[in-house]
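The next block holds one structure in the form of structure tokens; read it before the comments.
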Amino acid sequence: MHVINLTKLNEAMTASATAISEADATFLQGLYKIAKEIQLHAADRPIILLSGPSGSGKTTTAYLLERFLDKWKIETHTVSMDHFFRTMTPQQQQLAANGKLDLESPDRVDVQYLNQQLQKIIAGESTWMPKYHFSTMTREDHSWLLTRKPQELLILEGIHALNPSVIQIPNEKTVRIYASVRTRVTHNHITLPPACLRLVRRMIRDRNFRRRSLSETIDMFERVQQGEKNYIMPFKERAIFSVDTFLPYELGVYKAILNDDLASVWEHPMLDELRSIWDVIQPLPLKQVPTNSLIREFVGSGVFHY
0 MHVINLTKLN EAMTASATAI SEADATFLQG LYKIAKEIQL HAADRPIILL
50 SGPSGSGKTT TAYLLERFLD KWKIETHTVS MDHFFRTMTP QQQQLAANGK
100 LDLESPDRVD VQYLNQQLQK IIAGESTWMP KYHFSTMTRE DHSWLLTRKP
150 QELLILEGIH ALNPSVIQIP NEKTVRIYAS VRTRVTHNHI TLPPACLRLV
200 RRMIRDRNFR RRSLSETIDM FERVQQGEKN YIMPFKERAI FSVDTFLPYE
250 LGVYKAILND DLASVWEHPM LDELRSIWDV IQPLPLKQVP TNSLIREFVG
300 SGVFHY
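FYI, numbering that gives the first Met the number 0 numbers position 298 of the sequence shown as 297, with every residue one higher than the one before it.
Pasting the structure below:
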């Protein structure tokens, strides 16, 4: 866990025109070291399992690792566990719409089918991969064909990727990574919980790409946090590597994006700490953020397509 003072953070991120790009370079250097370890064990550990709570930046972390490995001539395929969700029945869809279905539960994953496909991939067999259509909550089982050749890798990212009851392949075949916001920002004895920063990421992403209001995202996040406690946190110690996905400039960028839109939700208790420090955050322009930045997963216009 890393703690950083907000005043010093503001000063560092506005000290030079290159502060944002330098912060990104530091984050990438950490991923580079993990990618090198993955490269070292590629022959014996072809499956990289990447887990973390909602809003942690798992998807971009996976693609950035893939980019390093591909550059080193280790062909790497990235797959989201979301595509192995079970098709919902009409009754389940109605329960979900009413907030009465646990959408964070590993029961949403078709575990038998997922492990069947993983075994085929490890064996180098041509394997049909599914695609989950969130608009209809249905799964298409023959979407695209994956053939993993010798020395090639598969990154499987998802909230249940470290759960041994979900992923049933031997540990010695896997590299296990946990990604989340670990840094805590402080100001005048107030500490911003990492979960609050992940909530802000989701608020922006959901508004931009999922047509959800800020209040809808906050209400949903309360259930998401309970799911994290039940289904993700118990398994994070199984990770070999841990990634802190906090970027020093992101609060400033979010300030510039959300400043005029928070009035309707400010009184929600989940935003108490953020509201207390909001006026002190120095806004930063989105245009300065690199297109391969992890926060592009939430604010958009990045080089990766999700």
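Quick reminder that beta carbons are idealized off the backbone N, C-alpha and C, glycines included.
Where Asp140 is concerned, there is no enclosing alpha helix (DSSP H), although the beta strand (DSSP E) around it starts and stops at Thr137 to Leu145. Looking at Val298, Asn97, Thr135 and Thr17, the one whose alpha-carbon comes closest to that of Met202 is Val298. Contact check for Ala178 against Lys32 fails: the beta carbons are separated by 7 Å or more.
Excluding five sequence positions before and after Met136, the CB atoms of its chain that fall closer than 6 Å to its own CB belong to Met87 and Gln92, given in chain order.
Partner residues in the beta bridge of Phe84, as assigned by DSSP, are Val108. Taking 7 Å as the cut-off, the Cβ atoms of His76 and Leu145 count as close. From the listed residues Asp43, Tyr112, Asp106 and Glu156, the smallest Cα separation to Tyr62 is found for Glu156. Checking the DSSP bridge columns, you'll see Ser179 partnered with Asp243. Taking a cut-off of 8 Å on C-beta distances, the region 167 to 187 touches the region 227 to 247, as three or more cross pairs fall below it.
Its chain contains Pro105 and Val110 as the residues whose beta carbon lies nearer than 8 Å to that of Ser164, once the 5 sequence neighbours on both sides are disregarded; these appear in chain order. Setting aside the 5 residues that flank it on each side, Ala160 is surrounded in the same chain by Leu48, Leu49, Ser50, Met80 and Ile166, each with a C-beta closer than 7 Å to its C-beta; the list follows chain order. Counting along the chain, no beta strand (DSSP E) covers Thr59; the unbroken alpha helix (DSSP H) around it starts and ends at Lys57 to Lys70. Of the residues Met0, Thr6, Arg138 and Ser20, the one whose Cα lies closest to the Cα of Lys286 is Ser20. Residue environment for Ala22: buried (at least 16 other C-beta atoms within 10 angstroms of its C-beta). Looking at the DSSP output, Val223 sits in no beta bridge, so it has no partner there.
If you check the CB distance, Leu191 and Glu272 come in under 7 Å. Look at the beta carbons and you see the region 288 to 297 touching the region 241 to 251: at least three pairs across the two are nearer than 8 Å.
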